[in-house]
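These protein sequence lines map, in sequence, to chains Z and A. Throughout the first sequence, residue numbering follows my numbering, covering 4 to 166 in sequence. Throughout the second sequence, residue numbering follows my numbering, covering 4 to 166 in sequence. Note that beta-carbon positions come from the ideal geometry of N, C-alpha and C, so glycine has one too. Here the structure is a predicted model, which is why all the values come from computation and not from measurement. Here the structure comes first, spelled out in C-alpha cells, and everything after it is commentary.
There are 2 protein chains.
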Amino acid sequence: MNAVIVRAATDADDEAVWRILQPIIVAGESYALPRDMSRTNALAYWRGPGHEVFVAERDGVVLGTYYIRANSEGGGAHVANCAYMTAPDATGQGIARKMCVHSLERAKARGFRAMQFNFVVASNERAVKLWQMFRFEIVGRVPEAFDHPKLGPVDALVMYRKL
Amino acid sequence: MNAVIVRAATDADDEAVWRILQPIIVAGESYALPRDMSRTNALAYWRGPGHEVFVAERDGVVLGTYYIRANSEGGGAHVANCAYMTAPDATGQGIARKMCVHSLERAKARGFRAMQFNFVVASNERAVKLWQMFRFEIVGRVPEAFDHPKLGPVDALVMYRKL
C-alpha cells in the first residue's frame, strides 16, 4: 500500500471532496450541519472564507479532507481551528491521523499558538480518542448540545492544545 | 428616568448601532474582532445571516444592541447564541440585564432549548457575573484564548444554560 500524501486542495478536487462530505453530512452523527445540505452549500462551507483546505490521497484517490482557519479574529486570531473528514470506506487506515499531523505542522508554520476544536460530538469516541492521543485536552463540555439522530441528545466537547 | 424598551433593529438604526459597536471593537477587550474593523464590516457581522438584531432604547436613544442566532446548524440548531453590547457611557444602568431578559424570552419563543456563549473573555468580570446571575454556567475554559491589549493572554469561557 503506497503512502498517503496530504496536499492543498484545488477546484478540481470539488467532486472528490463532496463525495467525502456528503455521506458524513447525511448521517448527521458528527457534524452540526443540515443533513440535507446541498453540494453547493457544503462546498461553500468547507471552502469558506479564510479556510485553507487540504486533501489526503493515496495513488491519486482522495480519501480525506480537512480545513484550517483562525478560530476567531482580533484577540482570538492566534488560535487555529480545523475540521477533518475521512471517506467512510477509508476509516481505520490512519488518514485522520495523517491529516492531524499535517494540520498541526501547518498551524505552527502559520504562526498559530494553539488549536481548538469547538464542537466534538462526545459520542464520536474514535475522534475524541485520536485528538487525545495528539495531546488535545477536553476543556469544555456543553450539555446535550447535539441532537444525535440515533442516540438523542449528546454533549459537545471543546478540545484544545498548545502548539 | 423612563423605562428602557427593547425592539427589533431596523436599517435606520445602523448609525446608532455602529456608535455602540465602534468603541467596544476599538478597545478590543471583550470581543474577538479586529480592532480596526470598518463600519461596513462591523455592521455586516452584527447583522449577519441568521442574526436577529434588537436595540435597547430609552427616550428614543439607543443604548444597547444584541443579536440572537442559532449557535450551530443541524444537530446543534436547538442551541441559541447571543452577543450584547452596551454603549460605554450607559453601563451600570441595567441595559445588558434588560437585553438578556429579552433574549432569553425571545430564545424560548423561537423554540431554542438552551443558550450558549462561546467566547466570554474571563477578565470581563462584569459580564461573567451578570450571566451567572442569569443562571448561565461556565462549562468550558479555553486557556489563553484571548490576547487582551492590556492584560495579555487571558482565558475564554464557554457559558451555557437551559431554557
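On the DSSP letters alone, give me the boundaries of the beta strand (DSSP E) that residue i sits inside.
i	result
TYR178 of chain A	As displayed, chain A neither begins before 4 nor continues past 166, which places residue 178 of chain A out of reach and without an answer.
ALA45 of chain A	No beta strand (DSSP E) holds ALA45 of chain A; the alpha helix (DSSP H) holding it covers 42-49.
VAL160 of chain Z	At residue 160 of chain Z the sequence reads Leu, which differs from the Val that was named. Looking at the DSSP string, the run of the beta strand (DSSP E) that includes LEU160 of chain Z is 155-165.
ALA11 of chain A	8-11
HIS105 of chain A	No beta strand (DSSP E) contains HIS105 of chain A, which is instead part of the alpha helix (DSSP H) from 98-112.
ALA86 of chain Z	82-89
GLU32 of chain A	That residue, GLU32 of chain A, is in no beta strand (DSSP E); it is neither H nor E in DSSP.
GLU128 of chain Z	Per DSSP, GLU128 of chain Z belongs to no beta strand (DSSP E); it is in the alpha helix (DSSP H), 128-136.
GLY143 of chain A	140-151
PHE122 of chain Z	117-124
ALA59 of chain Z	55-61
If distances are taken between C-alpha atoms only, which option among the options comes closest to residue i?
i	options	result
ALA15 of chain Z	Z:PHE57, Z:SER41, Z:GLN96	Z:PHE57
HIS81 of chain A	A:MET118, A:VAL65, A:ALA47, A:GLU60	A:MET118
GLY51 of chain A	A:ARG72, A:ALA93, A:ASN121	A:ARG72
GLU147 of chain A	A:ALA6, A:MET162, A:SER126, A:LYS165	A:SER126
ARG155 of chain A	Z:CYS85, Z:PHE139, Z:ASP150, Z:GLY77	Per the sequence shown, the amino acid found at residue 155 of chain A is Gly instead of Arg. Among Z:CYS85, Z:PHE139, Z:ASP150, Z:GLY77, the Cα nearest to that of GLY155 of chain A is on Z:GLY77.
ALA35 of chain Z	Z:ASP150, Z:PRO26, Z:LEU66, Z:SER106	Z:ASP150
THR13 of chain Z	Z:ALA30, Z:GLN25, Z:VAL29, Z:TYR70	Z:TYR70
GLY31 of chain A	A:ARG164, A:PRO152, A:LEU166, A:LEU160	A:PRO152
VAL29 of chain Z	Z:ILE23, Z:ARG22, Z:TRP21, Z:ARG38	Z:ARG38
ASP158 of chain Z	Z:LYS165, Z:LEU133, Z:ARG116, Z:GLY143	Z:GLY143
ASP62 of chain A	A:VAL9, A:TYR163, A:ILE141	A:VAL9
THR43 of chain Z	Z:ALA11, Z:GLU18, Z:SER33	Z:GLU18
HIS105 of chain A	A:MET162, A:TYR87, A:ILE141	A:TYR87
GLN25 of chain A	A:CYS103, A:ALA90, A:ARG100	A:ALA90
VAL20 of chain A	A:LEU160, A:ALA45, A:GLY97, A:ASP92	A:ALA45
CYS103 of chain Z	Z:GLN96, Z:ALA93, Z:CYS85, Z:ILE27	Z:CYS85
LYS101 of chain Z	Z:LEU160, Z:SER33, Z:GLY79, Z:TRP134	Z:TRP134
GLU108 of chain Z	Z:ALA83, Z:GLY79, Z:ASN74, Z:THR94	Z:ALA83
ILE75 of chain Z	Z:THR94, Z:SER33, Z:HIS54, Z:GLY95	According to the sequence as given, residue 75 of chain Z is Ser; it is not Ile. Ranking the options by Cα distance to SER75 of chain Z, first place goes to Z:HIS54.
So which residues on chain A does residue i lean against when the C-beta distance must stay under 8 Å?
i	result
HIS81 of chain Z	ASP150
TYR70 of chain Z	Residues of chain A passing the Cβ test: none, with the nearest at roughly 16 Å.
GLN119 of chain Z	VAL145, ALA148
If contacts are defined as beta-carbon pairs under 8 Å, then residue i and residue j qualify, I think. What distance do you get, rounded to the angstrom?
i	j	result
VAL123 of chain Z	ALA112 of chain Z	Not quite, the Cβ-Cβ distance comes to about 24 Å (not below 8 Å), so this is no contact.
PHE1 of chain Z	MET162 of chain Z	Residue 1 of chain Z lies beyond the stretch modelled for chain Z, which goes from 4 to 166, so this question has no answer here.
ILE98 of chain A	VAL7 of chain A	6 Å
Please classify residue i as buried or exposed, where buried requires at least 16 neighbouring CB atoms within 10 angstroms.
i	result
MET136 of chain A	exposed
SER41 of chain A	exposed
GLU60 of chain A	buried
VAL64 of chain A	exposed
GLY67 of chain Z	buried
LYS165 of chain A	exposed
ASN5 of chain A	exposed
ARG138 of chain Z	exposed
LYS132 of chain Z	exposed
GLY79 of chain Z	buried
ALA11 of chain A	exposed
ALA47 of chain Z	exposed
Interface residues of chain A around residue i at Cβ under 7 Å?
i	result
ALA35 of chain Z	SER75, GLU76, GLY77, GLY78, GLY79
VAL161 of chain Z	GLY143, VAL145, VAL161
GLY51 of chain Z	Those within 7 Å of GLY51 of chain Z in chain A number zero; the least Cβ separation is about 12 Å.
Identify the contact partners of residue i in chain Z, using a Cβ-Cβ distance below 8 Å as the criterion.
i	result
PHE122 of chain A	SER75, GLY79
GLY31 of chain A	GLY77, GLY78
Compute the minimum distance between the beta carbon of residue i and the heavy atoms of the ligand SAM, and state whether it is under 7 Å.
i	result
LYS101 of chain A	What this structure holds is no ligand at all, so the ligand SAM is not there to describe.
Since residue i meets chain Z, which of its residues come closer than 7 Å, beta carbon to beta carbon?
i	result
GLY155 of chain A	Result: empty, since nearest Cβ-Cβ is about 10 Å, beyond 7 Å.
ARG113 of chain A	What ARG113 of chain A touches in chain Z: nothing, since even the nearest Cβ is about 16 Å away.
Starting from the beta carbon of residue i, find every residue of chain A whose beta carbon is closer than 9 Å, and list them in chain order.
i	result
ARG38 of chain Z	GLY77, GLY78
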